[in-house]
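A.B. asks: After the structure tokens below, expect a handful of questions from me.
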Amino acid sequence: MPNKLIGVYSTAKQLISDLEDRQLKDSESAILFFTANPKQYQFLENETSFKGNLMETASANDDSGIHSLATAFDEDDGSLELMRLEKVLLDNGFSEEDAQECKTYLHKGMIVAAEKV
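Heads up: the sequence shown begins at 2 in this note's numbering, then just goes up one per residue.
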């Protein structure tokens with residue numbers, strides 16, 4: 002089932018406020034959110050009926066610089082983590098363009114929201 006990207010947010014409160022302003026709160030069951038931030042995920046799970054997906058990311062880069070050196074000249078970074086995030090988004094109905102854009106936001110700890118269409 003395809004998803005329509007609603008927005009990218011720094012905090013859960015910002016997401017909730019935006020959806021209320023846009024009057025999308027009435028269709029809460031159709032709202033999906035994706036984040037790699039456990040605190041934001043927990044807050045949204047407790048405060049809303051949005052369906053969420055807590056995505057796995059490495060909290061620290063423990064590859065001793067090998068990854069950085071190997072991907073220094075790679076435009077897309079090429080990291081396995083970013084590719085995993087993109088795959089999860091694609092598997093959840095995002096377009097390839099939206100998935101490519103949003104993977105970096107998720108990697109930075111932001112929240113991506115979508116609406117089931």
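All C-beta atoms, glycine included, are put in the ideal place defined by N, C-alpha and C.
Terminal residues of the continuous alpha helix (DSSP H) containing PHE44?
C.D. replies: In the sequence shown, counting from the first residue as 1, residue 44 sits at position 43. Looking at the DSSP string, the run of the alpha helix (DSSP H) that includes PHE44 is 39 to 48.
A.B. asks: Where GLU48 and GLU82 are concerned, what is the direct C-alpha to C-alpha distance, given to the nearest angstrom?
C.D. replies: Here residue 48 refers to the residue found at position 47 of the sequence shown. Here residue 82 refers to the residue found at position 81 of the sequence shown. Using only the alpha carbons, I get a separation of about 29 angstroms.
A.B. asks: List the residues that DSSP assigns as beta-bridge partners of TYR10.
C.D. replies: The residue labelled residue 10 in the question sits at position 9 within the sequence shown. DSSP, once it has assigned bridges, lists ILE112 as partnering TYR10.
A.B. asks: Return the CA-CA distance between ILE7 and ASP99, expressed in angstroms with no decimal places.
C.D. replies: Position 6 of the sequence shown, counted from the start, is the residue given in the question as residue 7. Position 98 of the sequence shown, counted from the start, is the residue given in the question as residue 99. Roughly 11 angstroms separates the two Cα atoms.
A.B. asks: Our contact map puts ALA37 next to LEU107 with C-beta atoms below 8 angstroms; I'd like the distance itself, whole angstroms only.
C.D. replies: What you label residue 37 is simply residue 36 of the sequence shown in a count that begins at 1. What you label residue 107 is simply residue 106 of the sequence shown in a count that begins at 1. Going by Cβ atoms, the distance from ALA37 to LEU107 rounds to 5 angstroms, so yes, they are a contact pair.
A.B. asks: Assuming PRO39 contacts LEU55 under a Cβ cut-off of 8 angstroms, what Cβ separation, rounded to an integer in Å, is found between them?
C.D. replies: As a first step, residue 39 must be located in the sequence shown, where it is residue number 38. As a first step, residue 55 must be located in the sequence shown, where it is residue number 54. Contact holds; Cβ gap of about 6 angstroms.
A.B. asks: Alpha carbons only, please: which of ASN93, THR105 and SER96 is nearest the one belonging to MET84?
C.D. replies: The residue labelled residue 84 in the question sits at position 83 within the sequence shown. Of the candidates ASN93, THR105 and SER96, the one whose C-alpha sits nearest the C-alpha of MET84 is THR105.
A.B. asks: Tell me, please, which residues DSSP counts as bridged to PHE35.
C.D. replies: Translated into the one-based positions of the sequence shown, residue 35 becomes position 34. According to DSSP, which records beta bridges pairwise, PHE35 is partnered with ASN54 and VAL113.
A.B. asks: Looking only at its own chain, which residues have a Cβ that is under 8 angstroms from the Cβ of GLY53, when we skip the five neighbours before and after it?
C.D. replies: Locating residue 53 in the sequence shown gives position 52, counting from the first residue. The answer, listed in chain order, is LEU33, PHE34, PHE35, THR36, TYR42, LEU45 and GLU46.
A.B. asks: So, for LYS109: in the same chain, excluding its five sequence neighbours on each side, which residues have a beta-carbon less than 6 angstroms away from its beta-carbon?
C.D. replies: Against the sequence shown, residue 109 aligns to sequence position 108. Cβ neighbours of LYS109 beyond the five flanking positions: none.
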